[in-house]
Every structure is written in structure tokens, then in C-alpha cells.
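Chemist:
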Amino acid sequence: METIIQIMKKYHFSEMETLVYTTLLEQDKLTGYEISKQSGVPRSKVYNILEKLLKKNLVIVNKSEPKLYRAISSDEFIERLEKDVKQDLAILDKQLGGIKEAEEEELLWKIEGYSHVLEKVEHLIKHSKKSLLVQIWKQDISDELLFLLQEAEKQLDECVVILFDTEHHYDLPLNHYYQHGFEEEKLKDFGSRWINIVRDEKEVVFGTLSEETSQTDVTWTKNNAMVSLSKEYIKHDAYTLKIIEELPQELRSKYGHEFEKVRSIFKGE
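Quick note: the sequence shown, position 207, residue 207 per UniProt numbering, numbers continuous.
1. Which runs of the alpha helix (DSSP H) at least 4 residues long sit entirely within the stretch 183-248? Give them in chain order.
2. Rounded to the nearest angstrom, how far is the Cβ of R193 from that of D140, given a contact under 8 Å?
3. Measure the CB-CB distance between I195 and H180 and report whether it falls below 7 Å.
4. Would you call K239 buried or exposed, if buried means 16 or more other Cβ atoms sit within 10 Å of its Cβ?
5. To the nearest angstrom, report how far apart E185 and G207 are at their CA atoms.
6. Work out the CA separation of I91 and G113 for me, nearest whole Å.
7. Which residues mark the beginning and the end of the alpha helix (DSSP H) in which L53 is found?
8. Where in the stretch 72-156 do unbroken runs of the alpha helix (DSSP H), each at least 4 residues long, occur, reported from the N-terminal end onward?
9. Okay, do the stretch 227-245 and the stretch 130-140 touch, 3+ Cβ pairs below 8 Å being the bar?
10. Starting from I7 and walking both ways along the alpha helix (DSSP H), at which residues does that stretch end?
11. For the 8 Å Cβ check, are there 3 or more pairs between the stretch 215-225 and the stretch 151-168?
12. Quick one: is G98 buried, meaning 16 or more other Cβ sit within 10 Å of its Cβ, or exposed?
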């Protein structure tokens with residue numbers, strides 16, 4: 001019920017209105033007194049709520065006494081709401097689309113919250129026209145994001161996905177992607193999971209993240225230097241993983257079974 005209440009609030013239905021409507025959905029027809037008793041909405045407020053729902057056409061009332069109230073079906077309500085939303089979006093698309101957007105300055109912008117990061121990532125993937133470079137953890141790939149990656153792989157000439165998973169369960173329905181394989185070492189470097197998405201060599205989303213908002217530190221920018229740096233980081237990761245795929249035995253004989261010696265890059269190591 002809490003989920004229903006929160007979603008209904010987005011469309012300007014109060015908690016009490018939602019409680020009255022859902023009560024009527026379950027009970028077919030009721031008097032105002034019965035609605036109050038079963039919904040938990042105080043009797044002093046229930047008739048005012050019913051009047052609001054009548055005006056919103058979510059509730060109908062009979063013409064005789066005693067007054068009985070009934071909810072319109074959920075199918076009818078959702079169908080009508082969907083129609084209204086589509087009409088509103090069409091108007092916004094036309095009118096907002098006619099506004100010439102200001103040229104983007106090369107500033108770095110923080111994205112607040114895990115879900116907002118994934119929304120931005122989905123937007124970048126969906127609107128990639130020429131190229132898409134991705135570093136991402138399997139835990140952060142939703143069904144919608146996976147679908148967008150599949151579509152990007154079909155449509156783009158340049159699409160590189162590097163997948164991370166601490167359990168090494170690299171089982172995505174994509175035609176080609178690179179399995180990183182060195183997650184533990186990278187987690188020591190970064191301290192948490194991270195994401196790096198470069199769209200059309202024009203913009204990038206990068207940073208560390210988790211479902212905990214307080215642990216998310218992700219930036220979006222069109223800064224040329226940051227885009228280039230992120231692009232080259234992903235490409236060089238792909239170069240290395242491609243070599244490992246093609247020459248695993250030779251590399252293990254030289255750098256160890258887990259390629260641990262390759263990380264010894266400083267003098268004296």
C-alpha cells in the first residue's frame with residue numbers, strides 16, 4: 001500500500017484520497033460511514049475526500065438514498081492517467097524542444113543519489129549515436145539498462161563494454177563484452193564499485209557508487225579533458241583484456257597465474 005500511496009502522490013492524489021479509492025475498489029459499494037470505518041479516514045474528513053474524488057472522476061455515486069459510492073475500475077483509471085500523461089509529455093516535447101539550449105560549459109556536475117546516476121547512464125546509452133564506451137559492475141545493470149546495452153550493441157559501430165563482478169559470474173546476453181577478472185585488486189584501489197560511461201566522445205558519467213546514497217560520488221561532464229581521460233582509460237582496459245584473452249598461457253608464465261606481477265610497476269618492486 002505504501003508504494004501505491006507514494007506513486008499516487010506523484011499524480012496529485014493525497015494519502016487519504018488513495019485510501020478511500022482503494023477501499024472502494026475492494027468493497028464494490030459503500031456508504032460514507034462504511035468508507036470511513038474501513039479506510040481509516042476520519043468521518044469528519046471522508047465526505048470532503050469523496051467530493052474531491054467525484055470531481056476527479058475516480059468515484060461515482062448513486063442517485064437515490066442512502067448515498068452509495070463506488071470506485072471506477074483500476075483499468076479505467078490507469079488508462080485515463082496514461083492518456084493524460086502522454087498528452088502532457090507531447091506538449092512538453094513540443095514546447096521544450098523549441099527552446100534553444102545554452103551551450104554546455106565544461107564544468108563538472110555532481111549527480112546525487114544512486115537511482116539518479118542510473119537514470120543518467122540510461123539516458124547516455126539510449127542517445128548514443130556513434131560510439132559507447134562502458135565500464136560497469138553487473139550489480140548495477142537493471143533490466144532496462146541491459147536492454148539499452150543490447151540495442152546499442154546492435155546499432156553502434158563502436159561499442160565497448162567492460163564488465164566487473166566480484167563473483168566472476170559474467171553471464172550477460174550481449175554478443176561481446178570484456179570480463180575484467182581483477183575486481184579484488186581494483187576494489188582495493190577505488191574503495192567501492194565505480195561506473196564509467198562515455199557517449200559519442202562528448203560526455204561522460206564517472207565515479208564511485210553503491211545503493212547507499214551517502215557512498216555515491218559520481219560526476220557528469222562534457223569537459224573535453226575528462227571525456228578524453230575516461231575514454232582512454234576504458235580503451236586501454238579493453239586493450240589489456242583483449243591481449244589476456246588471446247595470450248593467456250604466455251602471460252601467466254611471465255606474470256604469474258593471476259597476472260600479479262604485472263602490477264609491480266614501481267622501482268624496486
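Even for Gly, the Cβ is constructed at its ideal location relative to N, Cα and C.
Modeler: Let me spell this out:
1. For the stretch 183-248, whole alpha helix (DSSP H) runs of length 4 or above, ordered along the chain, are 183-190 and 224-246.
2. The Cβ separation is near 7 Å, so the contact holds.
3. With contacts defined as CB atoms closer than 7 Å, I195 and H180 fail to qualify as a contacting pair.
4. One point to set straight first is that residue 239 is Tyr, not Lys, in the sequence displayed. Exposed.
5. Straight-line Cα distance between these residues: approximately 17 Å.
6. Straight-line Cα distance between these residues: approximately 29 Å.
7. Counting along the chain, the alpha helix (DSSP H) containing L53 begins and ends at R43 to K55.
8. List check, alpha helix (DSSP H) in window: 74-97, 114-126 and 143-155.
9. These segments touch.
10. Looking at the DSSP string, the run of the alpha helix (DSSP H) that includes I7 is E2 to K10.
11. Note that the stretch 215-225 does not touch the stretch 151-168; fewer than 3 beta-carbon pairs, one per stretch, sit closer than 8 Å.
12. G98 comes out exposed.
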